[in-house]
Amino acid sequence: MLALSSAAPAHADDNGFTPAQRKEIVAIVRDALKTDPSILSDAIAALRAGAEAQEQTRTRDALLANRAALTTPAPSDAILGAPRARTTVIEFYDPRCPYCRKVLADIDRLVHDDPDVRIVEKVVPVLGPASLLTAQAIAAAALQGGQDAYFRMQHAIMTDTTKPDATRIRLLAKQAGLDPDRLVSDMAGTAVAATLRANSELAEAIHLEGTPTFVFDARYVIPGAVDYDALKAAIEKTRRS
1 MLALSSAAPA HADDNGFTPA QRKEIVAIVR DALKTDPSIL SDAIAALRAG
51 AEAQEQTRTR DALLANRAAL TTPAPSDAIL GAPRARTTVI EFYDPRCPYC
101 RKVLADIDRL VHDDPDVRIV EKVVPVLGPA SLLTAQAIAA AALQGGQDAY
151 FRMQHAIMTD TTKPDATRIR LLAKQAGLDP DRLVSDMAGT AVAATLRANS
201 ELAEAIHLEG TPTFVFDARY VIPGAVDYDA LKAAIEKTRR S
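Take a look at the structure:
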């Protein structure tokens with residue numbers, strides 16, 4: 001005969017377990033982890049793999065959604081290499097970023113060695129006021145003298161070791177063969193603001209997390225520090241895919 005207890009019944013939690021059951025489950029899990037610690041490392045690896053797969057999917061979807069903008073240079077973009085090259089590499093860079101500065105020589109070497117690649121430069125000020133000032137100066141140089149002036153000013157700024165201010169920008173502009181007064185005026189204009197806004201919006205759309213970031217034919221991304229060999233390998237990978 002089943003006896004009825006007069007004690008109050010234990011209430012299950014939201015998962016359907018009573019406090020006693022939950023205590024027993026925790027004890028089982030703890031014992032299992034002590035017996036076989038690899039359970040925890042396997043679980044962490046599975047979580048990491050899932051997160052990486054999710055991030056890859058997010059990046060792929062973002063590249064696909066912005067393919068036109070990533071394969072067709074904007075009028076305000078500066079281009080290194082063959083203008084109609086088979087492979088398009090977008091570089092999002094900040095003039096104050098040390099890794100962006102370091103990769104300058106590798107980019108020049110890459111377009112020299114590979115006649116069928118073009119590097120499309122998109123300046124994005126992400127590191128504060130000094131970055132904004134130098135990005136404005138580079139974009140303004142293009143308004144004054146086209147892409148040649150853009151790269152002269154870019155080189156002057158990104159090889160300079162002095163912290164930039166308005167006076168320093170004027171000096172660098174003069175050294176680059178530009179009119180400092182016009183440059184400063186253009187820096188505050190709507191055209192420069194529109195260029196930087198468009199670059200930043202595209203960077204945000206593809207979930208850019210740092211500079212430099214390279215995008216290869218809107219199909220493949222390398223974020224962060226990179227060298228000549230890695231760039232060359234990424235281009236070959238893009239061409240094979």
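In UniProt numbering, the protein residues as written are 1 to 241. All C-beta atoms in this analysis are idealised placements derived from N, C-alpha and C, irrespective of residue type, glycine included.
*Status (buried if at least 16 other CB within 10 Å, exposed otherwise) for residue 38*: Exposed, by the Cβ-count rule.
*Which first and last residues belong to the alpha helix (DSSP H) in which residue 180 is found?*
180-187 is the extent of the alpha helix (DSSP H) around residue 180.
*Could you tell me how far apart the beta carbons of residue 186 and residue 140 are, in whole angstroms, since I believe they sit closer than 8 Å?*
The pair is a contact, with the Cβ atoms about 4 Å apart (cut-off 8 Å).
*asked:* Among the candidates 134, 114, 77 and 110, whose CA atom is the shortest distance from the CA of residue 94?
replied: For residue 94, the nearest C-alpha among the options comes from 134.
*Spatial distance of residue 181 from residue 236 (CA atoms)*: Going by the C-alpha atoms only, they are around 44 Å apart.
_I'd like to confirm the pairing. Which residues does DSSP put opposite residue 81 in its beta bridges?_
Answer by DSSP bridge pairing, in chain order: 118.
*Please work out which residues of its chain come closer than 8 Å, Cβ to Cβ, to residue 227, disregarding the five sequence neighbours upstream and downstream, and give them in chain order.*
So the list reads 103 and 106, once near-sequence residues are dropped.
*Per-residue DSSP class, three states only, for residue 19*: Taken through DSSP and simplified to helix, strand or coil, residue 19 comes out as helix.
*Is DSSP giving residue 126 helix, strand or coil here?*
Secondary structure at residue 126: coil, using DSSP grouped into helix, strand and coil.
*Leaving out five residues on either side along the sequence, give the residues of the same chain with a beta carbon under 7 Å from the beta carbon of residue 73.*
Once the five neighbours on either side are set aside, the close Cβ partners of residue 73 are 79 and 120.
*Residues near residue 176 in its chain [Cβ-Cβ closer than 6 Å; skip 5 each side]*: Counting only Cβ-Cβ distances below 6 Å, and skipping sequence neighbours, we find 152, 153 and 156.
_Own chain residues within Cβ distance below 7 Å of residue 178, not counting five before or after_ = Scanning its chain for C-beta atoms nearer than 7 Å, with the 5 sequence neighbours on each side dropped, one finds around residue 178 the residues 141, 144, 145, 149 and 153, in chain order.
_Span of the alpha helix (DSSP H) around residue 98_ = Looking at the DSSP string, the run of the alpha helix (DSSP H) that includes residue 98 is 98-102.
*Work out the CA separation of residue 196 and residue 301 for me, nearest whole Å.*
Limits of the chain in this structure are 1 at one end and 241 at the other, which puts residue 301 out of reach.
*To the nearest angstrom, report how far apart residue 96 and residue 130 are at their CA atoms.*
Using only the alpha carbons, I get a separation of about 7 Å.
*Counterpart residues of residue 26 in DSSP-defined beta bridges*: None, per the DSSP bridge assignment.
*Look at the Cβ atom of residue 162, then the Cβ atom of residue 168, and state whether they are nearer than 8 Å.*
A contact, by the Cβ cut-off of 8 Å.
*asked:* If distances are taken between C-alpha atoms only, which option among 70, 26, 193 and 214 comes closest to residue 132?
replied: Minimum Cα distance to residue 132 is reached at 193.
*Just the C-alpha distance for residue 137 and residue 174, rounded to the nearest angstrom, thanks.*
When rounded, the distance between both Cα atoms is 12 Å.
_Looking only at its chain, what residues have a beta carbon closer than 6 Å to the beta carbon of residue 229, apart from the 5 residues adjacent to it on each side?_
Closer than 6 Å at the Cβ level, and outside the excluded window around residue 229, lies no residue.
*Got a sec: is the Cβ-Cβ distance from residue 218 to anything in chain D below 8 Å?*
In summary, chain D is missing from the structure at hand, where a single protein chain is found.
*How about residue 214 and residue 91: are their beta carbons less than 8 Å apart?*
Contact: yes.
*Where residue 90 falls: helix, strand or coil (DSSP)*: The answer is strand: DSSP assigns residue 90 an E or B state.
*Give the straight-line distance between the Cα atoms of residue 83 and residue 233, rounded to the nearest whole angstrom.*
One C-alpha to the other measures close to 21 Å.
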